[in-house]
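Its first residue numbered 1, the sequence shown is counted upward by one per residue in my numbering.
Working notes for the structure below.
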Amino acid sequence: MSNVPHDDPPLIAAGGNALYRAIFEQSPEAMVLTRVRDGVLVDVNQAYLNLCGYSRDRVLGRTAMELSMWADEATRERVLSPLATGGQVRDVDVTLRTQDGSLRQICISVSQVEIQLQAYLLFYLRDVTALRMAQAAVLSDEQALERANEQLNRQLTLHQMTEAVAKVGYWVVYPGDAMVHLSRGYCEIAQMGGAQVVPVGEHLQSVVDEDRPLVKRALKQMDDAIVEYRWRRPDGKVIWLRSRVQRQVELGVIRAEFGIVQDISSERAALQVAADQLAATQRSEERFRALTALSSDWYWEQDAEFRFIRFDGDHESTKARPDESYLGKTRWDSGVLGVTDAQWEAHRAAVYAHEVFLDFQMQRTREDGSLMWVSISGAPVFDSEGSFKGYRGTGREISARKQAEADIERLAFYDPLTELPNRRLLIDRLSQAITASARRSSYGALLFIDLDNFKVLNDTRGHHLGDELLKQVAHRLTGCVRSADTVARLGGDEFVVMVEEIGDTELDAAAQADAVGKKVLIALNQYYDLEGQTHHSSPSIGVALFFGQQQSVDELLQRADLAMYQSKAAGRNTLRFFDPVMQAAASARAVLEADLRRAMEEEEFLLHYQPVVDEVGKTTGVEALLRWSHSTRGMVAPAEFIPVAEQTGLIFALGQWVLAGACMQLVAWGASPSTRRLTIAVNVSARQFRHPEFTPQLLDLLRITGANPYRLKLELTESMLLSEFDDAIGKMGELRSMGVSFALDDFGTGYSSLSYLKRLPLDQLKIDQSFVRDVLVDPNDAAIARTILSLARSLDLSVVAEGVETAGQRDFLLRNGCKAFQGFFFGRPVPLESLQLLPD
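Pasting the structure below:
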C-alpha cells in the first residue's frame, strides 16, 4: 500500500467550490482522480464506488494496481500511452476486476488536468459488459436480430424507443426561502412559460397524488436521491420526470437545495413497448439493454468505407437528425464543427480498428444557421463470416446539457454584467495565488479599484449608462494586465486586479505593482462614449502586496480596501499602498527612475577600475565597475540603481556603455608594451545577457573598436545561467570562439551544481568575498574556500579571490593554491587616472 496521506485534496475541494463538488458527486458516470507521479487515487465519486464495489476508505490512498483492478502494469501503460502525445484517452475498452473478483468490461476516457500546480489524471468509467455480451450475441444470431429489428421498425422507431435527455432543467431552494426557483428549461418541460419563482407547496401540487409521497421522501432525504414520478401539466397531460436532488453545503452550512430534472416520458413509454416486444420475441434482459443502450434521437448506418447510407428518425420533430445531404459522406467530411484535430485522429483510429465508440461530441449547423451540440455512438457491423460491413449507431442532441453546464459555471463564478470573475472566483484564485507565492518565493499584489463619483452618474443620467460605463471599465482593465492575471468585479463600481509573480523582494514587487496601477490610472482616465455622450471617470486605487500565507484572503482584501480609501482621502484619481513604508519606497523608486533617465542624458556615469593581481603582486588585469555621480546626491551605490535599471530596461543602454568603455580602454592599453597584456573584466546583468541582440552587438563593438577579444572577460552569476541554460551555453560558446573569456562571479552563493558547471565554457571562478572575509576565523568559510580551489583545479579553471583585505587572508589563500586576488589590500576601485598598476 502506498504511503499516502488521506487528506490529499479532492478534485472539487481543490477548487474550493462546493457546487462543483455536488456536480462531481451526482454525476451518473463513474469518475476517479489519480496523481500522475505515482498513480494514487485521491478522489472518487459515488458512481465509481457503486461500479467497483469498494468503500471510499478502501480506495483512497491506493493505486488501481494495488487494488488488483488492472490485469497488469503493461496493460495500464498501453491504455494510457496516448496521454503522452494527445493529452487524452477517449472511449477505450478495458477489462477491470471489481471488489468481488468479477471481471467487467469498462469503457474509459482519461484527461490530464492540473490542480494547484500538480498533475492529475481524471478517469471517466462506464460499465459496458452487458453491451459487449449483447454484441457477441448479435454476431452469433444476426438473422434473428434483423427479424427483431424489422418488427421494431414497424411498431416503434428508434427515436420513439428512448429519447436522450433532450430537455434538462433544474430547481433551487435557498435556506429560509419558501419559494422554489425554476429554470427556463424546467418550465419548458412542465409547460409553465419562462423561468419562474413559485411557492414550494404550490409547486408540489402538480405531482400526481400517488407519486407525491415518493417526491417528499426524496426531498427529505436529499443526499443524492433519485426519484421518478408523474407530473400533470396545465393542459392536463401527465408526463414522467426524473429528478436528482442534492444539497450544496459549504463549511458545514447548507447554502442551497437543488435538483436536476429530466423529461423521461418517451423513455418510459419506449421501455414499456420495447419490453413487451422483447417479451414476445423471448429476448433476454441483456439483449434488450444492448438494443437500447445506444438508442437516442436518430439511427444511422455507414458502409465499409465509413460513408453514411441510412438515417432513421423523425427529422421534423427533432431538427437534429442529419438530412439526405449527408448520405455518401464520411463523418469527418460532413462539415461538423467543435472537434479538434487530436479528437478526429483518435476517432478515426477507433473506427479504423473497428471499435465501439460512445459519446463522440461535435457541433452541427441547424437549418436556421444556429449551432447545436450532438453526441454520436456507434458499433461495428460484421457479416456471418466475420467481414467488416460498416457501422450502425445512434445520435442525440445534447445542446441543452451543454448549455446547462455553461450556465451553472457562469452563474456560479462570473458577473453577469461585465462577464468578469465575481467575488467567489476571485477568492478561489487568490487562495491559490497565496499558496503559489510561497512555493515560488515571489510576491503578488491586489489592486482594489473604486470609480470616483460613480453614484452621481447613476443618479443623474440613469442606471443603464452606469452599466455601460462598468462594461467599458471592465474591458479597459482586462487590457492593462497579462492574460494570467485576474480582473474581477466585486459588485457596484468596485473592481479588483490580482497580479502574480511580480518580484522576489518587497521593493521589486512594490515597483511592479506601482507600474500596473499607473497603467490602470491612465487607461481609466480616458474619455468614455456612453450612447453618444462623452463622460470622464477616474479611479481611486489601493494596493496590498502578498507573499505566502502571512495574511488570509479576507485580510488582504481589507488591506487593499483600506489603501483605496487612503487614495480617496488623498484627493481621488490616485494610487496608495496599504503599507506607508511601501508607499514611500514606491515613490522613491519612481524618483530614482526619473533620475536615471536624466543621468543618461547628462552623462553622469563613469567607470572605476579595481586591479587583479597574481601570487607575486603583479597586476594582470582590472575589473571595470559602473559608478553614478549624482548631481545632488553624490555617488549612488550600484546596488541601489542597478535593480531599477534592470526593471525599466535602461540596463541595455548602460551595459552597452560599460562594454564600449572597456573595449576602448583595451585599445588604449594595447598601444603600450607595459599594458597590452592587461585584461578587463565586465559584469553583465541577467537581463542584458538574455537579450537576443547581446552577442551580435558585442561582436560588432569588438569589430568597430578594434579591441583584442582575448583581453575581455565577462563575469556572469550562477543564478543568471540557471535560466535558459542551453541558450546561455550557446551564447558563451559563440563568444568564446572569438576569444572572449568567462568568469563565474560570486561562486558558492548561488545554486552551484557540478552537472551544469562542467558543461559551461568557463575560464575562471571568483570566490565570493563573503567566504574570504572570515577564512582566518571561521572554519566553515575556510573549508569552503579550500573546496572551491580544489574543485577549480580538477576542472582546470583559474580562481580569483574577491574581497581580500589583509595579508593574512592573502597568505591563507596562497597556501591553499590561489594565485589571483582582488580587494582593498591591493587597491580600491578608482577612476582611470588614479589607477596604480602594481609593478612586476
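Virtual Cβ for every residue (Gly too), placed ideally from N, Cα, C.
Alpha carbon to alpha carbon, how far is residue j from residue i? Give it in angstroms, no decimals.
i: residue 184; j: residue 726; result: 58 Å
i: residue 489; j: residue 710; result: 59 Å
i: residue 740; j: residue 757; result: 18 Å
i: residue 36; j: residue 77; result: 12 Å
i: residue 804; j: residue 542; result: 48 Å
i: residue 346; j: residue 233; result: 45 Å
i: residue 789; j: residue 522; result: 55 Å
i: residue 596; j: residue 828; result: 25 Å
i: residue 530; j: residue 369; result: 32 Å
i: residue 93; j: residue 416; result: 42 Å
i: residue 642; j: residue 655; result: 10 Å
i: residue 527; j: residue 259; result: 47 Å
i: residue 846; j: residue 442; result: With the chain represented from 1 up to 840, any question about residue 846 goes unanswered, as that position is not in the structure.
i: residue 627; j: residue 610; result: 12 Å
i: residue 678; j: residue 685; result: 23 Å
i: residue 802; j: residue 820; result: 9 Å
i: residue 502; j: residue 649; result: 15 Å
i: residue 333; j: residue 321; result: 17 Å
i: residue 397; j: residue 364; result: 10 Å
i: residue 386; j: residue 376; result: 24 Å
i: residue 747; j: residue 672; result: 33 Å
i: residue 230; j: residue 211; result: 7 Å
i: residue 694; j: residue 687; result: 10 Å
Based on the DSSP output, what are the partners of residue i in its beta bridges?
i: residue 113; result: 120
i: residue 781; result: Paired residue(s): none; residue 781 is not in a bridge.
i: residue 31; result: 124
i: residue 733; result: Looking at the DSSP assignment, residue 733 forms no beta bridge with any residue, so it has no partner.
i: residue 798; result: 764
i: residue 228; result: 242
Looking only at its chain, what residues have a beta carbon closer than 7 Å to the beta carbon of residue i, apart from the 5 residues adjacent to it on each side?
i: residue 701; result: 659, 660, 663
i: residue 824; result: 805
i: residue 706; result: 667
i: residue 117; result: 436
i: residue 781; result: 771, 774, 775
i: residue 810; result: 804, 821, 825
i: residue 98; result: 52, 53, 104
i: residue 567; result: 540, 541, 542, 574, 575, 576
i: residue 326; result: 308, 334
Helix, strand or coil: which one does DSSP assign to residue i?
i: residue 373; result: strand
i: residue 145; result: Confidence is the limiting factor: at residue 145 the pLDDT is only 41, short of 50, which leaves the residue's position unreliable, though a coordinate-based value still follows. Three-state result, residue 145: helix.
i: residue 713; result: strand
i: residue 302; result: strand
i: residue 683; result: strand
i: residue 448; result: strand
i: residue 535; result: strand
i: residue 102; result: coil
i: residue 5; result: Per-residue confidence for residue 5 stands at a pLDDT of 41, beneath the threshold of 50, marking its modelled position as unreliable; no derived number is given.
i: residue 389; result: strand
i: residue 378; result: strand
i: residue 418; result: coil
i: residue 720; result: helix
i: residue 488; result: strand
i: residue 93; result: strand
i: residue 255; result: strand
i: residue 741; result: strand
i: residue 182; result: strand
Tell me which same chain residues have a C-beta within less than 6 Å of the C-beta of residue i, skipping the five on either side of it?
i: residue 553; result: 427, 430, 431
i: residue 792; result: 765, 799
i: residue 454; result: 493
By Cβ distance, which residues of its chain are closer than 8 Å to residue i, with the 5 residues on each side in sequence left out?
i: residue 485; result: 497, 498, 499, 500
i: residue 630; result: 595, 599, 604, 636
i: residue 644; result: 511, 589, 592, 593, 596, 650
i: residue 68; result: 97
i: residue 180; result: 171, 172, 173, 197, 198, 199, 200, 203
| query | Taking the runs of the alpha helix (DSSP H) that are 4 residues or longer, which of them lie wholly in the region 619–676? | reply | 638–648, 651–670
| said: Please give me, in chain order, every unbroken run of the beta strand (DSSP E) with length at least 3 that falls completely inside the region 544–614. | reply: 575–577, 605–614
| In chain order, which continuous runs of the beta strand (DSSP E) of length 3 or greater are located wholly inside the region 751–777? | 764–767
| said: Runs of 4 residues minimum, wholly inside the region 330–357: which ones carry the alpha helix (DSSP H) assignment? | reply: Fully enclosed alpha helix (DSSP H) runs of no fewer than 4 residues occupy 341–352 of the region 330–357, in order along the chain.
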